[in-house]
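Q:
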Amino acid sequence: MTFKEFTKELNGSRVEGELLKSILYSLLVSFGLFAILYIVTLRYIDNFIPKYGFYIFFAILSYAIIFPAIKQIRAYGRFACMSGMMIGMTAGMMSGFLSGFFIGATNGMFYGLVFGMAVGIFMGVWTGKSCGIMGIMEGLMGGFMAGAMGAMTSVMLLNDHLKFASVIIFVICAVIMFSLNYMIYLEMKENKREVKESHWVVVLLSFILTGITIWLMVFGPRSALFV
Amino acid sequence: MKSKMKNTMIIAIVIILIIGFGIFLIKDSKANGNGLNSGEKVQIVKLSVENGQYVMNPSQVKRGIPVRIEADVTKMPGCSKSFVIPSFNVMKVFTSTDNTVEFTPDKAGVFNVMCSMNMYKGTLTVE
């Protein structure tokens with residue numbers, strides 16, 4: 303019954319009613335930035351689409367499923383410890399794993415690991431601080447572990463159905479992020495929204511992370527395996 | 020009712036965006052190694068692993084002449100079967116039934132060969 307209520311709220315006036323819009327804005331910004339970069343510079347790179355297209359596409363989709371949760375978390379402000387820990391860990395792990403995975407697939411284990419850990423820890427700490435030090439610790443650990451795991455997994459799968467694995471991993475992460483949205487709704491449905499803001503967080507994060515991801519994949523440093 | 024319609028529109032736009040950019044961005048990646056025409060002159064290199072290193076015999080080949088690497092998979096443990104020469108875009112997972120990869124070296128120098136995990140290493144010299 304509650305899940306039915308949640309799906310109803312996706313059309314409602316609470317913050318859950320803005321989740322779909324957040325996905326749309328993230329996709330518009332990311333694909334828009336990609337289109338501009340492609341027209342200006344990327345199309346002149348040999349084999350650009352076959353080499354990077356798949357990973358850029360899924361990286362953009364990954365950011366679009368992660369960022370709406372940040373808007374939802376910011377809207378409620380404070381969470382109980384258990385919820386905050388789960389939020390910090392989920393956001394840190396999913397963002398760290400996915401970003402590390404896609405950069406690992408194009409730039410190698412070291413650069414994937416560093417980027418994945420940076421994104422994972424940043425997102426984990428940022429979202430985890432909604433409950434205080436416990437959430438921050440969870441975010442730190444989740445981001446750190448998942449960043450390393452993501453890069454390692456993609457390099458290990460390089461010659462073994464990496465693209466199929468990417469799709470499977472993306473779908474699982476999407477389900478986890480959707481579950482996080484649902485969990486936050488369940489925990490906070492009796493509470494009022496504390497912060498009402500536009501979609502600037504989603505837009506800004508999408509712009510920055512998509513830009514860095516594309517730059518790293520195409521022009522960034524890479525391990526010996528990818529030279 | 021109005022907001023339901025609005026969300027249906029948003030979902031439709033999201034799906035169109037994903038499908039549109041997906042078709043554009045997801046195209047077949049490069050082939051692994053270059054196949055050779057039958058009857059072409061080939062340099063055969065035997066590949067195995069000794070003391071955690073790739074051993075190529077001979078380890079020197081000539082530029083412009085196709086090379087066929089024949090792997091002895093019985094002497095190649097674990098991830099060493101996943102063989103990579105980045106400089107020539109060669110990536111191959113050797114099995115007992117598919118233990119060769121062919122390519123044409125188009126530049127001279129000493130090139131690193133490695134497994135996909137970058138644990139087993141070796142070099143191939145192209146003259």
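Chains as they are written, first to last, in our numbering: chain A, 303 to 529; chain B, 20 to 146. Yeah, the Cβ is synthetic: ideal placement off N, Cα and C, and Gly gets one too. Please read all numbers here as calculations on a predicted model, not as lab measurements.
(1) With DSSP as the reference, label A/Cys475 as helix, strand or coil.
(2) Against chain A, does B/Val33 count as a neighbour if the rule is that its beta carbon must be under 8 Å from one of theirs?
(3) Within 8 Å (strictly less), CB to CB, does A/Asp348 reach chain B?
(4) Just to make sure I have the definition right: I need the residues of chain A whose C-beta is within less than 7 Å of the C-beta of B/Phe40. Which are they?
(5) Use the C-beta contact count for A/Cys383: other C-beta atoms within 10 angstroms, 16 or more gives buried, fewer gives exposed.
(6) Pull the bridge partners of A/Cys433 from the DSSP assignment, please.
(7) Starting from B/Asn76, trace the alpha helix (DSSP H) both ways and give me its first and last residue.
(8) Please report how far the alpha carbon of A/Tyr487 lies from the alpha carbon of A/Gly379, in whole angstroms.
(9) Smallest Cα separation from A/Tyr357: which of A/Ala467, A/Phe509, A/Lys494?
(10) Any beta-carbon of chain A closer than 8 Å to the one on B/Leu44?
(11) Grab the span of the alpha helix (DSSP H) containing A/Met391 for me, first residue to last.
(12) Looking at the structure shown, is B/Gly83 part of a helix, part of a strand, or coil, going by DSSP?
(13) Under 6 Å Cβ to Cβ from B/Ser48, same chain only, skipping five residues before and after it: list those, please.
(14) If you drop the 5 nearest sequence neighbours on each side, which residues of the same chain put their C-beta closer than 6 Å to that of A/Leu507?
(15) Can you give the Cα-Cα distance for A/Gly386 and B/Ile45, rounded to whole angstroms?
(16) Could you tell me which of B/Asn26, B/Lys94, B/Ser67, B/Ile84 sits nearest to B/Val132, measuring between CA atoms?
(17) Under 8 Å between C-beta atoms, does A/Met458 make it to chain B?
(18) Show which residues of chain B have a CB atom less than 9 Å away from the CB atom of A/Leu326.
(19) Could you name the residues of chain B that A/Lys323 contacts, counting a contact when the two beta carbons are closer than 7 Å?
(20) Quick check on the DSSP output: the alpha helix (DSSP H) that includes A/Thr304 runs from which residue to which?
(21) Measuring straight from C-alpha to C-alpha, what distance separates A/Val473 and A/Gly406?
A: According to the structure data:
(1) If DSSP states are grouped into helix, strand and coil, A/Cys475 belongs with the helices.
(2) B/Val33 belongs to the set of residues whose beta carbon lies under 8 Å from a beta carbon in chain A.
(3) Closer than 8 Å: no.
(4) Within chain A, the residues near B/Phe40 are Phe333, Phe359.
(5) It is exposed - the Cβ of A/Cys383 has fewer than 16 other Cβ atoms within 10 Å.
(6) DSSP, once it has assigned bridges, lists no residue as partnering A/Cys433.
(7) No alpha helix (DSSP H) holds B/Asn76; the beta strand (DSSP E) holding it covers 72 to 76.
(8) Whole-angstrom Cα-Cα distance: 13 Å.
(9) Closest by alpha carbon: A/Ala467.
(10) Yes, B/Leu44 lies at the interface with chain A (some Cβ there is under 8 Å from its Cβ).
(11) Run containing A/Met391: 383 to 409, per the alpha helix (DSSP H) assignment.
(12) Looking at B/Gly83 - three-state DSSP - the assignment turns out to be coil, as it is neither helix nor strand.
(13) In this prediction, B/Ser48 scores a pLDDT of 47, lower than 50, which makes its location untrustworthy; no coordinate-derived value is stated.
(14) So the list reads Phe369, once near-sequence residues are dropped.
(15) Answer to the nearest angstrom: the Cα atoms are 37 Å apart.
(16) Out of B/Asn26, B/Lys94, B/Ser67, B/Ile84, B/Ser67 has the C-alpha closest to the C-alpha of B/Val132.
(17) Chain B, which has a Cβ nearer than 8 Å to the Cβ of A/Met458, makes this yes.
(18) Residues of chain B passing the Cβ test: Ile29, Ile30, Ile32, Val33, Leu36.
(19) Think of a sphere of 7 Å around the beta carbon of A/Lys323: the chain B residues whose beta carbon falls inside it are Ile29, in chain order.
(20) From DSSP, the alpha helix (DSSP H) with A/Thr304 extends over 304 to 311.
(21) Between A/Val473 and A/Gly406, the C-alpha separation is close to 19 Å.
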